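Take the sequence shown: its letters are residues 6 to 191, numbered as in my numbering.
Every residue gets a Cβ at the ideal spot worked out from N, C-alpha and C, and that includes glycine.
Bear in mind that the values here come from a model prediction, so they are computed numbers and not experimental data.
The structure under discussion appears below in the form of structure tokens.
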Amino acid sequence: MTQEKDLYKWHGNLFGGQNCKQPQGSSSSSIPTMEEDIDKAAEALVSLVTSYQEVKHNLPPHENLRDYILEYGEPLKKVLTNTDVNVNQNRIFLKKEHVEKSFLPLLRNDENIEEGIRVCAYDMHDNSYTLMFKKWTKKFYVLNGEWKKFFQIHELQKNDVVTVWIFRHSKSNKVCFALAYQKIER
């Protein structure tokens with residue numbers, strides 16, 4: 006599948022009103038990874054969001070959506086560590102600086118990051134995962150919950166790269182994440 010087709014399929018999951026559903030087990034050999042340039046993927050995602058808002062639902066365009074996503078909605082790119090893919094840990098550490106600059110400004114006052122925010126995360130293969138987005142102590146931000154399912158289904162290992170986007174679901178207005186990955190050659 007090309008990146009454009011993947012993003013249109015992904016767009017259907019992100020904005021098509023689907024609730025979190027349990028992922029179906031599959032082998033990574035049957036799942037293509039996202040190897041395209043992250044900037045191109047972000048541009049395509051912005052285009053799809055704008056298209057969805059303007060064409061499919063006759064919603065007024067968010068004039069600053071493109072600028073906001075490109076300036077503040079920059080995806081977090083994380084090289085996985087041993088602890089990120091340890092089944093006994095079941096969490097991924099997120100870069101504090103990035104979370105505070107790009108993710109926290111999207112939270113509402115009633116969403117408490119210290120208590121944790123239940124979020125739905127989508128991958129590019131019709132799977133969704135219920136995760137908890139949380140601040141641990143004053144130093145760390147994590148995603149846990151079904152994180153272990155995500156990295157096991159995609160057979161991710163140390164040094165593979167996960168890219169994380171944050172957004173609000175167009176119908177529920179709840180915080181969601183989009184997850185992509187790139188496996189390194191072994």
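Using only alpha-carbon positions, find the residue among the options that is nearest to residue i.
| i | options | result |
| --- | --- | --- |
| V169 | K144, I97, N87 | I97 |
| F138 | H103, F182, I158, H130 | F182 |
| L148 | K176, I158, Y134 | Y134 |
| K101 | K143, N91, H130, G121 | K143 |
| I122 | F155, N114, H103 | N114 |
| E105 | Y146, K176, N178 | Y146 |
| D128 | I118, W141, H159 | H159 |
Would you grab the beta carbon distance between residue i and residue j for me? Rounded to a whole angstrom, and I think it's under 8 Å.
| i | j | result |
| --- | --- | --- |
| L161 | G150 | Actually they are not in contact, since the Cβ atoms of L161 and G150 sit about 16 Å apart, beyond 8 Å. |
| V180 | K83 | With a Cβ gap of about 18 Å, V180 and K83 do not count as contacting. |
| N87 | K176 | About 38 Å separates the two Cβ atoms, so there is no contact after all. |
Identify, in the order they occur along the chain, each residue of the same chain with its Cβ nearer than 7 Å to the Cβ of residue i, setting aside the five sequence neighbours on each side.
| i | result |
| --- | --- |
| D196 | This structure does not reach residue 196, given that the chain is present from 6 up to 191, and the question cannot be answered. |
| N95 | N149, W152, K153 |
| F108 | I171 |
| V90 | F156, L161, Q162, K163 |
Just to confirm, are residue i and residue j a CB contact at a threshold of 9 Å?
| i | j | result |
| --- | --- | --- |
| F155 | N132 | yes |
| L81 | L99 | yes |
| K140 | E116 | no |
Applying the criterion that 16 or more other CB atoms from any shown protein chain within 10 Å of the CB defines a buried residue, is residue i buried or exposed?
| i | result |
| --- | --- |
| R173 | exposed |
| L184 | buried |
| G124 | Checking the displayed sequence, the identity of residue 124 turns out to be Val instead of Gly. V124 should be labelled buried. |
| V92 | exposed |
| Q29 | With a pLDDT of only 46 at Q29, under the threshold of 50, the placement of this residue in the model should not be trusted; the figure read from the coordinates follows. Exposed. |
For residue i, is the beta carbon positioned less than 8 Å from some heavy atom of the ligand HEM?
| i | result |
| --- | --- |
| I122 | With respect to the ligand HEM, the structure offers nothing, as it holds no ligand at all. |
Ordered along the chain, which non-local residues of its own chain (more than five positions away) have a Cβ less than 6 Å from that of residue i?
| i | result |
| --- | --- |
| A126 | Y134, L136, F182, L184 |
| E79 | S107 |
| N178 | none |
Report all residues from its chain with a CB closer than 8 Å to the CB of residue i; omit the five preceding and five following residues, and keep chain order.
| i | result |
| --- | --- |
| H103 | E79, L81 |
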